[in-house]
Each structure stands twice: as C-alpha cells, then as structure tokens.
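In what follows, a structure is listed as structure tokens, so that the remarks can point back to it.
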Amino acid sequence: MDALTLLHQRSSMGKLMGPVPSPEQMEMIYRAALRAPDHRELRPWRFIEFSGEGLNRLGELFAEAEYRENPDCGDAVLDAARKKPLRAPMVIAVIAKVTPDEPKVPKVEQVLSAGCAAHGMLLAAHALELGAMWRSGKYMFDPTVRKGLGLDEDDEIVSFLYLGHLGGRHKPIAEHNLGDFVERWA
Numbered sequence: 088m089d090a091l092t093l094l095h096q097r098s099s100m101g102k103l104m105g106p107v108p109s110p111e112q113m114e115m116i117y118r119a120a121l122r123a124p125d126h127r128e129l130r131p132w133r134f135i136e137f138s139g140e141g142l143n144r145l146g147e148l149f150a151e152a153e154y155r156e157n158p159d160c161g162d163a164v165l166d167a168a169r170k171k172p173l174r175a176p177m178v179i180a181v182i183a184k185v186t187p188d189e190p191k192v193p194k195v196e197q198v199l200s201a202g203c204a205a206h207g208m209l210l211a212a213h214a215l216e217l218g219a220m221w222r223s224g225k226y227m228f229d230p231t232v233r234k235g236l237g238l239d240e241d242d243e244i245v246s247f248l249y250l251g252h253l254g255g256r257h258k259p260i261a262e263h264n265l266g267d268f269v270e271r272w273a
C-alpha cells in the first residue's frame, strides 16, 4: 500500500479479534512509533503492552478507578470497567514520558510527540492489515490508573491503542470539505 493511500484510507476499527499481532508485526508497529517527530531527541515515549492476563489486570485497574471515584457504583459498573480492555486481543498504553526541566522542549511538545508515535502505530497497523482503535477517556487521567501504570507526575497517558485483527465491516470513511479546515494566506 502506498503512503498516500494509507493516509487517506486509515480508519478506526471498533471490532477487533484475536490472535494478537505477531512479534514481527509488533516490531514494525513499534519501529513506526519511534519515527515520530522528536525535538532534541528526548524520546518522550513509553509503551505498555497488555495481552492475555495483562488485559484482565488492566481491567482490574479500571475497576479500581471506578470504585475509588464512587464506592457505591455497584457490580454492573465495575464489571463493565473490567471488560473494557477485552474489546481487543491487545491494548497498548501510549505514554508521554515527559522531561519536565527541558527548557527548549515544553511539556506540550513532548506530549504531541507521543501522540505522533501513537498515530504512527495506527498507520503501521493499518498497513499490516490489522485493525486498531485509539481510545481515550477518563482512565487516562485517573490517579489510580496513573499510579498503577507507574507514571511520574509529569507523564501523560496519550492513548490506549486497541489492536487486533479486523472483526467487522469497515465503516464508510467520511469525506470532508477541505475549505472547512484550510485557510490560505497568499
């Protein structure tokens, strides 16, 4: 697949199935991540890969976060939180490993670099004919989840990437009017 076709056709896949991507596929996905823009070569990325029992451990961490937020939430809410990582055979937490005292590279730039790494992973997954979904939400900011993943104070969870094999139909890709987004100063 040529690069422009990849960029124009990539879409999120919400329904993902096993098996987990192969070690060879994961090496290509991580190599794509490491090509993200990186001012001063800080390499502000950290990836935590969850599969198998690791998905259950991540689900327990999500349930702990729910319970800490609302101890009266009930079993249904806790069970739903536990099941969230099970929507794919693999989840990768993409973390901006921030160097807080770097005067030439502010925190926002380091977080954006980690976001570019996550986007590179999505593109690589698509190029490998895998499905992927960038998920965000409250668990990215939850202190229980942050602590459970071993984040430092300045670190940020950029995304939870869900990876697997395509398990459903491709959604139609929305076409957008470039004029709605592009302003030209000539």
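When we follow the numbering used here, the leftmost residue of the sequence shown carries the number 88, and every step to the right adds one.
Even for Gly, the Cβ is constructed at its ideal location relative to N, Cα and C.
Quantities reported herein were computed from a predicted structural model and do not represent experimental measurements.
For F134, the uninterrupted beta strand (DSSP E) run begins and ends at W132 to S138, by DSSP. In the structure shown, the three-state DSSP call for R222 is strand.
Of all C-beta pairs linking the region 201-215 to the region 149-167, fewer than three are shorter than 8 angstroms, placing the two stretches out of contact.
For K171, the number of other beta carbons within 10 angstroms of its own is at least 16, and it is reported as buried. For L94, the closest alpha carbon among the candidates G141, I179 and H206 is that of H206. With respect to the 7 angstroms criterion, K194 and D242 are not classified as neighbours on the basis of their beta carbons. Look at the beta carbons and you see the region 121-133 not touching the region 257-264: under three pairs across the two are nearer than 8 angstroms. Non-local C-beta neighbours of M177 in its own chain, meaning closer than 6 angstroms and more than five positions away in sequence, comprise V107, S138 and L250, ordered along the chain.
Under the DSSP assignment, A180 falls in the beta strand (DSSP E) whose first and last residues are M177 to A183.
E243 is bridged by DSSP to A183. Judged by beta-carbon spacing, E153 lies beyond the 7 angstroms limit of L145, meaning their Cβ atoms are not closer than that value. In terms of Cβ geometry, L103 and G235 do not form a close pair [threshold 7 angstroms]. From the listed residues Y117, L209 and P131, the smallest Cα separation to L238 is found for P131. According to the DSSP assignment, A261 belongs to no alpha helix (DSSP H), since it is labelled neither H nor E. With respect to the 7 angstroms criterion, M220 and S109 are not classified as neighbours on the basis of their beta carbons. Taking all protein chains in view, the Cβ of Q197 is crowded by 16 or more other Cβ atoms within 10 Å, so the residue is classified as buried. Take the alpha-carbon of A211 and the one of L121: they are about 12 angstroms apart.
Ranked by Cα distance from R169, the first of F268, L142, E189 and A180 is L142.
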